[in-house]
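Q: This is the structure, below, for whatever I ask next.
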Amino acid sequence: MPIDDHRPTHFRWNVFVLASGTSWLLYLHRYIFGLIKPVLAEEWGLGNDELGLLDSAFSVAYTGFQIPLGVATNAFGVHLMLTFMLVAGAVGLGLHAWAPTSKYLWAARATMGLGQSAVFAAQSEITRAWFPVSVRTTVQGWVGVFFARFGGLSANLLLGSVLLGVFELPWRTVVYAMAAVGLGHAILFALLFRNSPRNHPRVNDAEAALIEGSDGKPLKAEPRTGIRDLFRRMSLRSIGNVLMLNLQTILSTLADNVFSAWIPLFLSQVHGLKFKEMGFYASLPLLGGALGGAFGGWLNDKMIARTGSLRWSRVAVGATGKGIAGVLLLTSLLWYDQPQSFCVMLFFVKFFSDWSLVTTWGCVTDIGGRSSATVFAYNNSVAGIGSIVGSALYGFESEYISWVSVFVTAAAAYFVCAFTWFLINCELPIISSESE
34 MPIDDHRPTH
44 FRWNVFVLAS
54 GTSWLLYLHR
64 YIFGLIKPVL
74 AEEWGLGNDE
84 LGLLDSAFSV
94 AYTGFQIPLG
104 VATNAFGVHL
114 MLTFMLVAGA
124 VGLGLHAWAP
134 TSKYLWAARA
144 TMGLGQSAVF
154 AAQSEITRAW
164 FPVSVRTTVQ
174 GWVGVFFARF
184 GGLSANLLLG
194 SVLLGVFELP
204 WRTVVYAMAA
214 VGLGHAILFA
224 LLFRNSPRNH
234 PRVNDAEAAL
244 IEGSDGKPLK
254 AEPRTGIRDL
264 FRRMSLRSIG
274 NVLMLNLQTI
284 LSTLADNVFS
294 AWIPLFLSQV
304 HGLKFKEMGF
314 YASLPLLGGA
324 LGGAFGGWLN
334 DKMIARTGSL
344 RWSRVAVGAT
354 GKGIAGVLLL
364 TSLLWYDQPQ
374 SFCVMLFFVK
384 FFSDWSLVTT
394 WGCVTDIGGR
404 SSATVFAYNN
414 SVAGIGSIVG
424 SALYGFESEY
434 ISWVSVFVTA
444 AAAYFVCAFT
454 WFLINCELPI
464 ISSESE
């Protein structure tokens with residue numbers, strides 16, 4: 034069917050589905066390890082501290098490859114680099130099931146970390162290139178938070194409660210099946226995606242102009258900024274601004290590591306729950322995060338439109354979300370001995386925590402401009418410190434101190450994270466002369 038050049042096509046929503054599916058699958062894969070920790074502890078006699086170090090192996094690779102693969106994404110495009118990362122991540126997941134002993138899990142964790150490292154940097158570039166500024170943060174809330182958290186929820190509920198709990202499938206069979214789904218998604222992405230709306234045969238000039246906000250006139254192509262030139266052109270003020278954004282993300286990642294890696298094991302060890310109940314209860318916080326992320330993106334765009342202040346809209350959403358999450362996490366300890374009530378409280382913790390998570394995405398896009406994939410990769414790379422430290426710290430605390438200590442540490446990280454938002458100015462571009 035020929036494309037009507039006068040009415041905008043709607044292919045950007047196909048891209049939205051691809052990006053959302055990528056986030057969903059990324060987190061489904063990532064949360065599988067937390068789900069099978071109780072089995073690994075029993076099968077190979079691993080302590081919580083050893084399991085935490087295996088999480089750190091993922092985080093070290095995830096952190097170490099953020100910048101090089103983020104820069105490569107800016108240089109070679111999302112199409113090539115995200116396809117590569119999707120394949121590598123699926124292979125890494127499959128290696129978890131193949132590993133004959135716990136020693137080989139280190140290689141599996143590292144390979145998976147490499148494959149997932151700069152995926153969200155690429156996703157940030159997709160939202161910048163394929164969606165108008167007026168809805169960009171809303172789209173980022175759905176893609177980057179709702180479907181990511183829904184992927185984690187699916188891991189706990191669909192894989193944990195249903196496949197491992199109800200049907201009692203071997204965990205290796207489930208892991209191999211999910212790795213195969215990941216490879217299939219990589220092929221689909223490679224076939225359907227293009228780096229720019231202007232380069233896609235299913236996008237007409239009217240839709241491209243709508244996305245660009247250019248009133249039908251193609252935007253002038255601008256050269257991308259290399260990482261060396263990027264840092265050379267930054268002012269001291271913009272460097273300080275980025276460092277505050279880094280600190281905020283480190284603290285957020287540190288706190289959220291509890292939910293991404295430890296809740297199923299907590300429910301197994303403290304409350305003796307098996308897969309069927311454990312998967313259901315562990316999915317509740319992630320449902321809260323999914324809904325909070327979608328709401329937070331909408332709230333960002335509405336506040337920006339109503340107040341006209343980009344900076345203080347971001348600060349209000351970011352700071353209140355993390356602050357409320359910290360208060361609720363401490364309050365939830367009143368129901369520590371009641372797993373159902375405790376996880377219901379964690380639903381609200383993650384709702385408020387993740388309504389501010391999309392604000393970080395928006396802030397990176399605000400200050401990063403056409404180098405947003407590089408900036409996102411750098412921010413996520415530094416933020417990986419939170420995941421590395423959190424994995425080792427929570428493993429040590431749960432093994433040698435108490436699980437209560439784990440949750441108190443995460444709440445403290447939320448409080449400090451809330452304060453850092455007042456020191457971040459998303460209206461200050463990373464390169465002062467750049468405008469979008």
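My numbering puts the first residue of the sequence shown at 34, with every later residue one more than the last. Think of the CB as a built atom: it goes at the ideal place given N, C-alpha and C, for glycine as much as any other residue. Please read all numbers here as calculations on a predicted model, not as lab measurements.
1) Using the rule of at least 16 other Cβ atoms within 10 Å of the residue's Cβ for burial, across every protein chain shown, is Y64 buried or exposed?
2) With C-beta atoms as the reference, is S404 less than 9 Å away from T353?
3) Using 10 angstroms around the beta-carbon of I100, count the other beta-carbons present and answer buried if the total reaches 16, otherwise exposed.
4) Quick check: the Cα distance between M311 and W394, rounded to an integer number of angstroms?
5) Is L224 buried or exposed, if buried means 16 or more other CB atoms sit within 10 Å of its CB?
6) With distances taken from CA atoms, which of S135, A410, L300 and V168 is nearest W46?
7) Closest to L86 by C-alpha separation, out of F299, K383 and A294, would be which residue?
8) Would you please state the rounded distance, in angstroms, between the beta carbons of R182 and A323? I believe it to be under 8 Å.
9) Locate the alpha helix (DSSP H) running through D101, then write down its first and last residues.
10) Hey, would you say F117 sits closer than 9 Å to R235, going by beta carbons?
11) In this structure, does DSSP put Y369 in helix, strand or coil?
12) Going by alpha carbons, who is nearest to V415 out of F448, S150, Q302 and T206?
13) Buried or exposed: where does P165 fall if 16 or more other Cβ atoms within 10 Å of its Cβ makes it buried?
14) State the CB to CB distance for the pair Y209 and A130, rounded to an integer number of angstroms; the pair is presumed to be in contact (CB under 8 Å).
15) Would the beta-carbon of A327 fall within 9 Å of that of W175?
16) So, is P203 buried or exposed, given that buried needs 16 or more other C-beta atoms within 10 angstroms?
17) Please classify Y95: is it buried, with 16 or more other beta-carbons within 10 angstroms of its beta-carbon, or exposed?
18) Please report the Cβ distance between V449 and L284, rounded to the nearest whole angstrom; I am assuming they are in contact, meaning their Cβ atoms lie under 8 Å.
19) Straight-line CA distance for A444 to A239?
20) Okay, do the region 70-81 and the region 298-306 touch, 3+ Cβ pairs below 8 Å being the bar?
21) In this structure, how does DSSP classify N458 when only helix, strand and coil are distinguished?
22) What runs of the alpha helix (DSSP H), each 4 residues or longer, lie entirely inside the region 263-304?
23) Within a Cβ cutoff of 7 Å, which residues of the same chain sit near S438, ignoring the five residues on either side of it in sequence?
24) What does the alpha-carbon distance come out to for the pair E255 and L320?
25) Please determine, among A141, Q373, K307 and I272, the residue with the shortest C-alpha to C-alpha distance to F200.
26) In or out: N412 buried (at least 16 other Cβ within 10 Å) or exposed?
27) Would the region 367-387 count as touching the region 153-160 if we require 3 or more Cβ pairs under 8 Å?
A: Reading from the atomic positions:
1) Mapped onto the sequence shown, residue 64 falls at position 31. Buried, since its Cβ has 16 or more Cβ neighbours within 10 Å.
2) On the sequence shown, residue 404 is found 371 positions in, with the first residue counted as 1. On the sequence shown, residue 353 is found 320 positions in, with the first residue counted as 1. Not in contact: S404 and T353 (Cβ atoms no closer than 9 Å).
3) Here residue 100 refers to the residue found at position 67 when the sequence shown is read from its first residue. It counts as buried.
4) Along the sequence shown, one-based indexing puts residue 311 at 278. Along the sequence shown, one-based indexing puts residue 394 at 361. When rounded, the distance between both Cα atoms is 31 Å.
5) For the purposes of this step, residue 224 is taken as residue 191 along the sequence shown, with counting starting at 1. Label assigned to L224: exposed.
6) Start at 1 with the first residue of the sequence shown, and residue 46 comes out as number 13. Looking at the Cα atoms, V168 is the closest of the given residues.
7) Working through the sequence shown from its first residue, we reach residue 86 at position 53. Considering only F299, K383 and A294, the residue with the shortest C-alpha distance to L86 is A294.
8) Working through the sequence shown from its first residue, we reach residue 182 at position 149. Working through the sequence shown from its first residue, we reach residue 323 at position 290. Between the beta-carbon of R182 and that of A323 there is about 4 Å, and that keeps the pair under the 8 Å contact cut.
9) In the sequence shown, the residue the question calls residue 101 occupies position 68. The sequence shown places Pro at residue 101, rather than the Asp named in the question. Q99 to F109 is the span of the alpha helix (DSSP H), which, as asked, contains P101.
10) Here the question's residue 117 lines up with position 84 in the sequence shown. Here the question's residue 235 lines up with position 202 in the sequence shown. No, they are not a contact pair.
11) Taking the first residue of the sequence shown as 1, we reach residue 369 at position 336. The answer is coil: DSSP assigns Y369 none of H, G, I, E or B.
12) Numbered from 1 along the sequence shown, position 382 holds the residue referred to as residue 415. V415 has its Cα closest to that of S150, out of F448, S150, Q302 and T206.
13) Indexing the sequence shown from 1 puts residue 165 at position 132. By the neighbour-count rule (16 or more Cβ atoms within 10 Å), P165 is not buried but exposed.
14) Mapped onto the sequence shown, residue 209 falls at position 176. Mapped onto the sequence shown, residue 130 falls at position 97. Sure, about 5 Å apart at Cβ, within 8 Å.
15) Within the sequence shown, the letter at position 294 stands for residue 327. Within the sequence shown, the letter at position 142 stands for residue 175. Going by C-beta atoms, A327 is nearer than 9 Å to W175.
16) Position 170 of the sequence shown holds residue 203. By the beta-carbon neighbour count (other beta carbons within 10 angstroms, threshold 16), P203 is exposed.
17) Counting from 1 along the sequence shown, the entry for residue 95 is found at position 62. By the neighbour-count criterion, in which 16 or more other beta carbons inside 10 Å mark a residue as buried, Y95 falls on the buried side.
18) Counted from its first residue, the sequence shown places residue 449 at position 416. Counted from its first residue, the sequence shown places residue 284 at position 251. Rounded, the Cβ-Cβ distance is 5 Å, consistent with contact.
19) Translated into the one-based positions of the sequence shown, residue 444 becomes position 411. Translated into the one-based positions of the sequence shown, residue 239 becomes position 206. The straight-line gap from Cα to Cα measures roughly 48 Å.
20) Enough Cβ pairs lie closer than 8 Å, so yes.
21) Numbered from 1 along the sequence shown, position 425 holds the residue referred to as residue 458. N458 sits in coil when the DSSP states are folded into three classes, being neither helix nor strand.
22) With a minimum length of 4 residues, the continuous alpha helix (DSSP H) runs that stay inside the region 263-304 are 269-294 and 296-304.
23) Numbered from its first residue, the sequence shown carries residue 438 at position 405. If you ignore the 5 residues before and after S438, its C-beta comes within less than 7 Å of the C-beta of E430, all in its own chain and listed in chain order.
24) By one-based count along the sequence shown, residue 255 stands at place 222. By one-based count along the sequence shown, residue 320 stands at place 287. Bear in mind that the predicted position of E255 carries a pLDDT of just 48, short of 50, making it unreliable; the figure below should be weighed with that in mind. So the alpha carbons of these two residues sit roughly 40 Å apart.
25) Locating residue 200 in the sequence shown gives position 167, where the first residue counts as 1. Checked all of A141, Q373, K307 and I272; the closest Cα to F200 is K307.
26) The residue given as residue 412 occupies position 379 in the sequence shown. Looking at its Cβ environment, which holds 16 or more other Cβ atoms inside 10 Å, N412 is buried.
27) Not touching, per the Cβ criterion.
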